[in-house]
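These notes concern the structure reproduced below.
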């Protein structure tokens, strides 16, 4: 197990290098640079001041020198300065990270609470009315664009019924650390979490349903039934354990996606997380924030792949051999 994990970690090193090269040079190819946001917010800056700032920031240096300096700063935890928000990017991301984490965890929990029972029931009672109803739900959630569903949810439950707030993560004036503060944050979280979970359950339900149907026909299941094992134990001990492999395969990605942010959900619900910050930084051309968030997202994707490999190898030791 340790050798398998170490081998996967070593594979990540060249992947991180390629990722950093892609992020930096694609960002350099975009219109504008790290000073663009500053110039847009201060249109009266003289060309002399802009030239001095460009020289001070090293934007006139050769591209490879800028890349080496950027990577060196990354190793020291220096993500640069946001010239739109006038603060360190590390502080800016940290201030939004908790909101993104809460939203991601809520979506993940709701997704599994909804999809795992529905996937098992749909596979166990194949072609029944229950199965057709669940399959219809997955088709509906798959065909519905996330931003359309989120807008409908905001309009109905936020504006028309007034059951939930339509923006923010907590009301102003609520004292942090109190029970009212916790309930207020939860109240703001329910609607965007439900909208995100509605769309993300589709894949898990379909994978689990297909795995249950396929596993039911395997020889070891037929052998268990021929030995007189009760049907409930056949499902709990044989079918479900093997059917959960697709869930384990995606678990690493789902865990890291908790910190990646949700662009559409956070933007539509006005939820101050990393997804909303990323969209704002693109429109405002906040160069340092965009590159930092893209690099973090890529790193989380690599870590998610590593976690998925480790979880799968733990569930099915045969994977370690291959």
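In the UniProt record's numbering, the protein residues as written are 1 to 322. Just so you know, even glycine gets a beta-carbon here, dropped at the ideal spot from N, CA and C.
Is it true that the region 204-216 meets the region 121-133, where meeting means three or more beta-carbon pairs spaced less than 8 Å apart? yes
Should residue 91 go down as buried or exposed, given a rule of 16 or more other Cβ atoms within 10 Å for buried?
-> exposed
- Task: Tell me where the alpha helix (DSSP H) around residue 180 begins and ends.
- Result: 179-216
Checklist entry - Where does residue 87 sit, in a helix, a strand or coil, going by DSSP? => result strand
request  = Can you say whether residue 138 is buried or exposed, counting buried as having 16 or more other CB atoms within 10 angstroms of its CB?
outcome  = buried
Note to self: In whole angstroms, give me the CA-to-CA distance for residue 18 and residue 127.
What the structure shows: 47 Å
message = Can you tell me whether residue 206 is buried or exposed? The criterion is at least 16 other CB atoms within 10 Å of its CB, across all chains shown.
response = buried
Residue closest to residue 140, alpha-carbon to alpha-carbon, out of 110, 26, 177, 198:
198
Collapsed DSSP secondary structure at residue 128 in the structure displayed:
coil
* Asked: Which residue's Cα is closest to the Cα of residue 267: 168, 215, 294, 107?
  -> 168
**Asked** Can you list, in chain order, the residues of its chain whose CB lies under 7 Å from that of residue 114, leaving out five sequence neighbours each side?
**Response** 197, 201
Cβ neighbours of residue 188 in the same chain (closer than 7 Å, five flanking residues each side left out):
165, 168, 169, 170
Exposed or buried, residue 308, counting other C-beta atoms within 10 Å across all chains shown (16 or more means buried)? buried
Checklist entry - For residue 274 versus residue 293, is the C-beta spacing smaller than 8 Å? => result yes
Decide if residue 76 is buried, meaning its Cβ has at least 16 other Cβ atoms within 10 Å, or exposed. exposed
Exercise. Hey, quick one: how far does the alpha helix (DSSP H) through residue 243 stretch, first residue to last?
Worked result: 240-243
* Should residue 11 go down as buried or exposed, given a rule of 16 or more other Cβ atoms within 10 Å for buried? -> exposed
In the structure shown, what three-state DSSP assignment does residue 82 receive? strand
For this session: Taking residue 376 as part of the alpha helix (DSSP H), name the residues at either end of that continuous run.
Result: A query on residue 376 cannot be resolved here, the shown segment of the chain reaching from 1 to 322 and no further.
**OP:** Return the CA-CA distance between residue 65 and residue 71, expressed in angstroms with no decimal places.
**Re:** 10 Å
**Sequence-distant residues of the same chain with beta carbon closer than 8 Å to residue 334, five excluded per side** = There is simply no residue 334 to check, as the chain begins at 1 and stops at 322 in what is shown.
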